[in-house]
Structures are given as structure tokens and as C-alpha cells.
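Numbering (the working numbering), first residue to last: 10 to 159. Glycine included, each C-beta is placed from N, C-alpha and C at the ideal position. Written below as C-alpha cells is the structure these notes are about.
Structure follows, in C-alpha cells:
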């Protein structure tokens, strides 16, 4: 019976470790994907900025009649900058929410594990007291397991 409780405790701990590892690896993949998107947007922004500067320089060389193209390009550049900012803020918010949720899950899991350990320890102690002298060998092993789990 004692061994079964210890086995159940170890099994639940293993499941908890697997769930946390799967959740962490999933978040890592999401972070990598979002970082790639951010890098692509930053590259596009840098390219647009370079084009904008070239068009502004060209419009100054061509004179006052070509400023409409520069204004249009400036609007596109500002739109791209706004999109990058919105994406970055949304990504940061999502990651912070996931981080908060994972921290909550971790705290709950740690608390559950502590309760499981306490339950097994109490159960082993109760079995030790019930067995008395007739179960001294098993009780010693049970008592050892109970103190080792705390």
C-alpha cells in the first residue's frame, strides 16, 4: 500500500513535469516565430526608411512639383512603423499573459505536490502507528519514506 502511494506520487509528479516541459517548449516555439515576424517587419521598416530617404533626396533634386510622391511614401512609411509598433505591443502583451498564466499554474502545481507529499507522509505515519511492533520492518521503511518525502 505504501509503495502504491509512493508510486502514485511519483507518477503525478512525472506528469506535472511533462506538462510544464511541453508548455515551455510550446512557448519557446511561439517566441521564436514571433521574433522572426518582428525581424521581418524591422527589415521591411529599414528598407522603407531607406527608400523614403532616397525619394526625399530625389524630390529635392527634382524641385517643388514632385513632393506629392514623397508625401505618399512618407504615409506608407508611417503606416509600416505603426503596424510594427502594434504588432510588438500585442506580442509583448500576449507573452506577458502567458508568462503570468504559467507562473500561476506552477504555483498551483507546487502546492498540489506539497499536499500529495503531506498526504503520503501522513498515511505512512498512520500505517506505522497501526502496525506497531508487529510491522517494525515495514514501518521503518515507511517511516524512512515519510521523512524522505518531506
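Report task. Express the C-alpha separation of residue 99 and residue 123 in angstroms, rounding to a whole number. Result -> Against the chain shown, residue 123 aligns to sequence position 114. Against the chain shown, residue 99 aligns to sequence position 90. Between the alpha carbons of residue 123 and residue 99 lies a distance of about 36 angstroms.
Query raised in the report: If you draw a straight line from the alpha carbon of residue 60 to that of residue 82, how long is it in whole angstroms?
Result: Counting from one through the chain shown, the residue named residue 60 turns up at place 51. Counting from one through the chain shown, the residue named residue 82 turns up at place 73. If you take the alpha carbons of residue 60 and residue 82, they lie about 8 angstroms apart.
**Report entry** Beta-carbon gap between residue 89 and residue 54 smaller than 7 angstroms
**Finding:** Against the chain shown, residue 89 aligns to sequence position 80. Against the chain shown, residue 54 aligns to sequence position 45. A contact, by the Cβ cut-off of 7 angstroms.
Report task. Can you tell me the Cβ-Cβ gap for residue 86 and residue 57, rounded? I've got them flagged as a contact below 8 angstroms. Result -> Along the chain shown, one-based indexing puts residue 86 at 77. Along the chain shown, one-based indexing puts residue 57 at 48. Indeed they touch by this definition, with Cβ atoms about 5 angstroms apart.
Query raised in the report: Rounded to a whole number of angstroms, what is the C-alpha to C-alpha distance between residue 42 and residue 128?
Result: Taking the chain shown and counting its residues from 1, one reaches residue 42 at position 33. Taking the chain shown and counting its residues from 1, one reaches residue 128 at position 119. Distance between the alpha carbons of residue 42 and residue 128 is about 43 angstroms.
**Report entry** Nearest candidate by alpha-carbon position, reference residue 93, set 22, 47, 141
**Finding:** Taking the first residue of the chain shown as 1, we reach residue 93 at position 84. Checking every option, the nearest Cα to that of residue 93 belongs to 47.
Query raised in the report: Within 10 angstroms of its Cβ, does residue 102 collect 16 or more other Cβ (buried), or is it exposed?
Result: Position 93 of the chain shown, counted from the first residue, corresponds to residue 102. Burial call: exposed.
Requested in this report: Report, in whole angstroms, the separation of the C-beta atoms of residue 125 and residue 21, which I expect to be a contact under 8 angstroms.
Outcome: Along the chain shown, one-based indexing puts residue 125 at 116. Along the chain shown, one-based indexing puts residue 21 at 12. Right, the Cβ-Cβ distance comes to about 6 angstroms (below 8 angstroms), so this counts as a contact.
Requested in this report: Evaluate residue 109 with the Cβ neighbour count: other Cβ atoms within 10 Å of its Cβ, from every protein chain shown; 16 or more gives buried, anything less gives exposed.
Outcome: By one-based count along the chain shown, residue 109 stands at place 100. Classification for residue 109: exposed.
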